[in-house]
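There are 2 protein chains.
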Amino acid sequence: MNYDPYGCPIRYWLSIFGDKWSLLIVRDIMFKERQNYGQFQSAGEGISTSVLASRLNHLEKYGIISKSHDEDHGKRYIYALTDKGKELAGIIINIIDWSEKFDEKTLVEENFISALRKNPEALMKKMMS
Amino acid sequence: MNYDPYGCPIRYWLSIFGDKWSLLIVRDIMFKERQNYGQFQSAGEGISTSVLASRLNHLEKYGIISKSHDEDHGKRYIYALTDKGKELAGIIINIIDWSEKFDEKTLVEENFISALRKNPEALMKKMMS
DNA sequence: TACGTTACTTCTAAAAAGCAAGCATTATGG
DNA sequence: CCATAATGCTTGCTTTTTAGAAGTAACGTA
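Heads up: the protein sequence lines correspond to chains A and B, in order.
Okay, so the first sequence: first residue is 1 according to the numbering used here, each after it adds one.
Okay, so the second sequence: first residue is 1 according to the numbering used here, each after it adds one.
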């Protein structure tokens, strides 16, 4: 049980998601249909605006999210998941599964958990669409 | 597509693994058979000793790793994955899969990747044993 | 052309991480 | 039974990162 230590996939993951906020932004887009700056900020998680700006840049730079003008709304931008970002679904499903299993305080909708454990592939496809 | 915002599983994950080092320690135990302080420290990743000590405490506190005396070796301790820690295998497999797919610089043994994509369940069981 | 909305940037203080050094505990060799 | 070495930390200081409040810039609307 081993793999090449150079170009480690775990380190790559950590270079993008090794902080308290980046994965929450992905979660917000994926599950909560948040898509612009104000929505991320007022999500109640308490991210400071300076860190939010830097995380959005970071995620865009690494190709996880895209940024485009919202035609109908002044200076507003729309942040969305790229394909690379959507394909985080598999990881996120596993995180949800694991947390639900080991943390008493974690609450996940029963529908979601049973879908996850019965047919994860189908759930993933739904999440990525 | 939604789940209850309270007791969020992603936040639980981040409370344990939302930093640059914790997941690397798990990787070291899982794949590199490292199991004591000196081995983690000299792994070449550059973790500072004070942070290493705090991360090991943290992981132990959250039930990811266990700490026991090495009977044969002076003051040495053995750090090992608990069941909860071993069950991170599913998440880690997905991270490896994703990184390999999207990062050119990431290198994973071909055997591992093909095992992962052909029969992830079997690989997981192997990893957890 | 003033005003609200949105998306940031800037500044300062607090917290965390990095780094070098030192200390404590447990063998081990003389 | 005392000096030495190996291991696992702890401590104190410096540097980097984050938090929080405030301010600015771009855009559309009245």
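For every residue, glycine included, the Cβ atom is placed at its ideal position computed from N, Cα and C.
Just to check my reading of the structure: residue i and residue j have Cβ atoms closer than 8 Å, yes? What is that Cβ distance to the nearest angstrom?
{"i": "residue 14 of chain B", "j": "residue 20 of chain A", "result": "6 Å"}
{"i": "residue 102 of chain A", "j": "residue 84 of chain B", "result": "5 Å"}
{"i": "residue 89 of chain A", "j": "residue 35 of chain A", "result": "Wrong, their Cβ atoms sit about 17 Å apart, outside the cutoff."}
{"i": "residue 91 of chain B", "j": "residue 94 of chain A", "result": "4 Å"}
{"i": "residue 25 of chain B", "j": "residue 23 of chain A", "result": "Between residue 23 of chain A and residue 25 of chain B the Cβ distance is about 19 Å, and since that is not below 8 Å, they are no contact."}
{"i": "residue 82 of chain A", "j": "residue 66 of chain A", "result": "5 Å"}
Output needed for residue i: all residues of its chain with C-beta closer than 8 Å, excluding positions within five of it in sequence on either side, in chain order.
{"i": "residue 87 of chain A", "result": "128"}
{"i": "residue 41 of chain A", "result": "47, 49, 52"}
{"i": "residue 1 of chain B", "result": "With a pLDDT of 46 at residue 1 of chain B, under the threshold of 50, the modelled position of this residue cannot be trusted; read the value that follows with caution. Once the five neighbours on either side are set aside, residue 1 of chain B has no close Cβ partner at all."}
{"i": "residue 117 of chain B", "result": "97"}
{"i": "residue 77 of chain B", "result": "36, 37, 67, 68, 69, 70"}
When you compare the CB of residue i with every CB in chain A, is at least one pair closer than 8 Å?
{"i": "residue 102 of chain B", "result": "yes"}
{"i": "residue 78 of chain B", "result": "no"}
{"i": "residue 87 of chain B", "result": "yes"}
{"i": "residue 7 of chain B", "result": "yes"}
{"i": "residue 23 of chain B", "result": "yes"}
{"i": "residue 2 of chain B", "result": "Reliability fails at residue 2 of chain B, whose pLDDT of 44 lies under 50, so the model's placement of it is uncertain and no value is given."}
{"i": "residue 14 of chain B", "result": "yes"}
{"i": "residue 29 of chain B", "result": "no"}
{"i": "residue 10 of chain B", "result": "yes"}
Near residue i, what residues of its chain come up, given a Cβ to Cβ distance below 6 Å and the 5 sequence neighbours on each side ignored?
{"i": "residue 115 of chain B", "result": "123"}
Run down chain A in chain order and give the residues with a C-beta less than 9 Å from the C-beta of residue i.
{"i": "residue 84 of chain B", "result": "98, 101, 102"}
Here's a check: name, in chain order, each residue in its chain whose Cβ is nearer than 7 Å to the Cβ of residue i, leaving out the five neighbours to either side.
{"i": "residue 100 of chain A", "result": "106, 108, 113"}
{"i": "residue 17 of chain A", "result": "23"}
List, in order along the chain, the chain B residues whose C-beta lies closer than 7 Å to that of residue i?
{"i": "residue 94 of chain A", "result": "90, 91, 94"}
{"i": "residue 20 of chain A", "result": "14, 18"}
Could you list which residues in chain B have their beta carbon closer than 9 Å to that of residue i, in chain order?
{"i": "residue 70 of chain A", "result": "Those within 9 Å of residue 70 of chain A in chain B number zero; the least Cβ separation is about 21 Å."}
Flag residue i as yes if its beta-carbon sits less than 8 Å from any beta-carbon of chain B, otherwise no.
{"i": "residue 38 of chain A", "result": "no"}
Check whether the Cβ of residue i sits closer than 7 Å to any heavy atom of the ligand ATP, and report yes or no.
{"i": "residue 112 of chain B", "result": "Absence of the ligand ATP is noted for the structure shown, with no ligands found whatsoever."}
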